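Here's the structure we're looking at; comments come further down.
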Amino acid sequence: MSDKTALTPSTHTTPPAAFSHGVRKGNILQVAGQVGFLPAVEGQPPTPAGPTLREQTLQTLENVRAILAEGGASWDDVMMLRVYLTDTGHFAEMNELYNAYFAEQDLQAPPAARTTVYVGLPAGLLIEIDALAVLD
Amino acid sequence: MSDKTALTPSTHTTPPAAFSHGVRKGNILQVAGQVGFLPAVEGQPPTPAGPTLREQTLQTLENVRAILAEGGASWDDVMMLRVYLTDTGHFAEMNELYNAYFAEQDLQAPPAARTTVYVGLPAGLLIEIDALAVLD
Amino acid sequence: MSDKTALTPSTHTTPPAAFSHGVRKGNILQVAGQVGFLPAVEGQPPTPAGPTLREQTLQTLENVRAILAEGGASWDDVMMLRVYLTDTGHFAEMNELYNAYFAEQDLQAPPAARTTVYVGLPAGLLIEIDALAVLD
């Protein structure tokens, strides 16, 4: 029997396809690609936190964090964050937001590794992030 | 000594460079990026299952599955699927195909997490998928 | 207490944001996205090994290797390499360089799985590679 469990925070909608927002199996936790959607409201379509990189980056990080927490993990357990941006011109601002966000997280362990690449995303979305964590 | 083993299903060609189609080490199994190539025929170049998203998506999923099986894993063990599309306009159709495919797989565990991004692929290829699995 | 450790080879600059060049926790090692920067020189900005795919690919692989080594791992432990190129026209040459590089590494285990996709990267950079390793 598998002990693989789906992680679905109350803030998240049911996934729009046959995937999980996050899964944990043993001490491995994988967070699916998150975007800057606000907490789900029943009967309403997913809505980005706002049109700006600032709003979407902070909401995306919060959405990743919610899934980690649902699986009993924290930022300290994260090994890798994959950051997908749509514009190389957003790199400096994303880093500023990223640094400020993590400065407030009271990390006890070294920060995760990270890869940032520039891809296409659905219209209106400026950032997507997924995460791989290894729990103690 | 490492117990890392290469996973090369009989349906697959020898990789075109110094990589493995899949590797397993301990309970971790990684599937390399798969595309919609039909089962290899000796002496012939790799050939996509067809020009359509439908044909390529179903063949790509089957190619991922074959590597999982070669390593003693099934879809139930998959933690993460990374889906690379070339066109945001393909998202809805890919999700329909994805959902229908997994509805037929008789999953016993929650579905894997997933990230979908839009990138460039070699001419004629519309989708690429890789997978990370954790076995029991 | 977490045993997660940051991997920062002496050849690498301090990361430009709140991430680690690599992290190891237990037997899992993740290398952040590496590009073809030459070994860091104090007081100077990061400088690519050269403008060509050859120069950048070989330096990028060396930068990945340095982080693996810092964490007590080698190429034999690598499960997955993600290769990000900017131009599909670079695939054949990258494969030649990749094959030649690994032919010289005296691998004892099967090569890692790999996914190659085509994305945007900061101006002047032609390749980025990250790696997931599982140690014995």
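Protein chains in written order, with our numbering: chain A, 252 to 387; chain B, 252 to 387; chain C, 252 to 387.
Where a beta carbon is used, it is the ideal one built from N, C-alpha and C, also for glycine.
Here the structure is a predicted model, which is why all the values come from computation and not from measurement.
In the region 307-373 of chain C, which residue ranges form an unbroken beta strand (DSSP E) of at least 3 residues, counting only runs that do not cross its ends?
329-336, 364-369
Segment contact flag, the region 361-381 of chain B with the region 281-293 of chain C, C-beta cutoff 8 angstroms, min 3 pairs
no
Measuring only between beta-carbons, confirm whether D328(A) sits less than 9 angstroms from chain B.
no
Anything in the region 335-358 of chain C with a Cβ closer than 7 angstroms to a Cβ of chain A? List those residues in chain order, please.
Y335
Kindly list, in the order they appear in chain B, the residues whose Cβ is closer than 8 angstroms to that of L368(C).
Here the sequence assigns Val to residue 368(C), which means Leu is not the residue at that position. Ordered by position in chain B, the residues that pass the 8 angstroms Cβ test against V368(C) are G284, Y335, V370, G371, L372, E379.
For L376(B) and P296(B), what's the separation of their Cα atoms in angstroms?
15 angstroms
So, does the region 341-355 of chain B touch the region 341-349 of chain A, judging by three or more C-beta pairs under 8 angstroms?
Touching, no.
Does any C-beta atom of chain B lie closer than 9 angstroms to the C-beta of P267(C)?
For P267(C), the answer is no, since every Cβ of chain B falls outside 9 angstroms of its Cβ.
Can you name, in chain order, every residue of its own chain whose Cβ lies under 8 angstroms from the Cβ of D254(C), other than the five neighbours on each side?
Cβ neighbours of D254(C) beyond the five flanking positions: K276, G277.
Using the three-state DSSP reduction, which class does M252(C) fall into: helix, strand or coil?
Confidence is the limiting factor: at M252(C) the pLDDT is only 47, short of 50, which leaves the residue's position unreliable and the question unanswerable from this model.
Label G340(C) either buried or exposed according to how many other C-beta atoms from any shown protein chain fall within 10 Å of its C-beta, with 16 as the threshold for buried.
It is exposed - the Cβ of G340(C) has fewer than 16 other Cβ atoms within 10 Å.
Which residues in the same chain as A384(C) place their Cβ atom closer than 7 angstroms to its Cβ, once the five residues preceding and following it in sequence are excluded?
Once the five neighbours on either side are set aside, the close Cβ partners of A384(C) are L280, L319, A324, D328, V329, M330.
Can you tell me which of the three DSSP states L386(C) falls into?
coil
Is it right to say A317(B) is buried, meaning 16 or more other beta carbons lie within 10 angstroms of its own, or is it exposed?
buried
Only counting the same chain, and skipping five residues up and downstream in sequence, which positions put a Cβ closer than 7 angstroms to that of P266(A)?
H272
How about L319(B): is its Cβ closer than 8 angstroms to a heavy atom in the ligand NAP?
Summarising the ligand content, the structure contains no ligands, and the ligand NAP is consequently not present.
From G342(A) to P290(C), what distance separates their C-alpha atoms?
According to the sequence shown, residue 342(A) is Phe rather than Gly. Roughly 22 angstroms between the two C-alpha positions.
Would you kindly report the start and end of the unbroken beta strand (DSSP E) that includes G284(A)?
279-285
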